[in-house]
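A.B. asks: Quick note on this note's numbering: the sequence shown kicks off at 9 and runs consecutively.
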Amino acid sequence: MNGPTLSMAHLYADGNGESRFGDVEVPTRFADFAPPAPAAAVSEPKGAARHLFLVLPEGWYGEPHPAPQRQVMALLAGEVEVTTSDGAQRRFRAGTVVLVEDTWGRGHATRVVGPGAAHFSVCQF
């Protein structure tokens with residue numbers, strides 16, 4: 009049985025190396041995830057190379073850069089503003105998940121805009 013679809017922001021490089029924003033939908037289905045607990049909506053599993061936590065201090069700014077590798081970043085605390093090479097900006101707050109795939113080209117700039125540090129959980133592929 010199909011479950012709800014999850015949405016996440018998508019940061020990627022187009023064919024010319026310009027970073028762009030989009031959105032992706034992640035389908036789920038109900039399955040026995042942690043028996044004997046009731047079935048839960050789960051996505052298809054993906055392999056990961058490593059997991060880490062990242063803390064960017066208050067006021068941190070990263071000049072335009074490509075992502076070090078394909079990764080899913082979940083913002084746990086704080087607020088950041090990301091600017092793509094085409095000038096588009098999005099703000100992300102705690103609870104936001106972003107699929108980051110602009111691993112080549114001009115990249116994106118990131119700025120911590122909220123009070124306090126930005127805390128991320130990062131899963132790299």
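All residues carry an ideal CB built from backbone N, CA and C; glycine is no exception.
What you are looking at is a predicted structure, and each value in this text was computed from that prediction instead of being measured.
Quick check on this structure: which residue in Thr-111, Gly-115, Leu-107 and Cys-131 has the alpha carbon closest to the alpha carbon of Val-34?
C.D. replies: Among Thr-111, Gly-115, Leu-107 and Cys-131, the Cα nearest to that of Val-34 is on Leu-107.
A.B. asks: DSSP has Asp-22 in a bridge; who is on the other side?
C.D. replies: Paired residue(s): none; Asp-22 is not in a bridge.
A.B. asks: Apart from the five residues just before and just after Gly-11, which ones in its own chain have a Cβ nearer than 7 Å to its Cβ?
C.D. replies: Thr-36, Arg-37, Phe-38 and Ala-49, listed in sequence order.
A.B. asks: Within a Cβ cutoff of 8 Å, which residues of the same chain sit near His-59, ignoring the five residues on either side of it in sequence?
C.D. replies: Excluding sequence neighbours, His-59 sits near Ser-129, Val-130, Cys-131 and Gln-132.
A.B. asks: Please determine, among Leu-14, Thr-118 and Asn-24, the residue with the shortest C-alpha to C-alpha distance to Thr-91.
C.D. replies: The shortest C-alpha separation from Thr-91 is found at Thr-118.
A.B. asks: With C-beta atoms as the reference, is Gly-95 less than 9 Å away from Gly-25?
C.D. replies: The answer is no: Cβ separation not under 9 Å.
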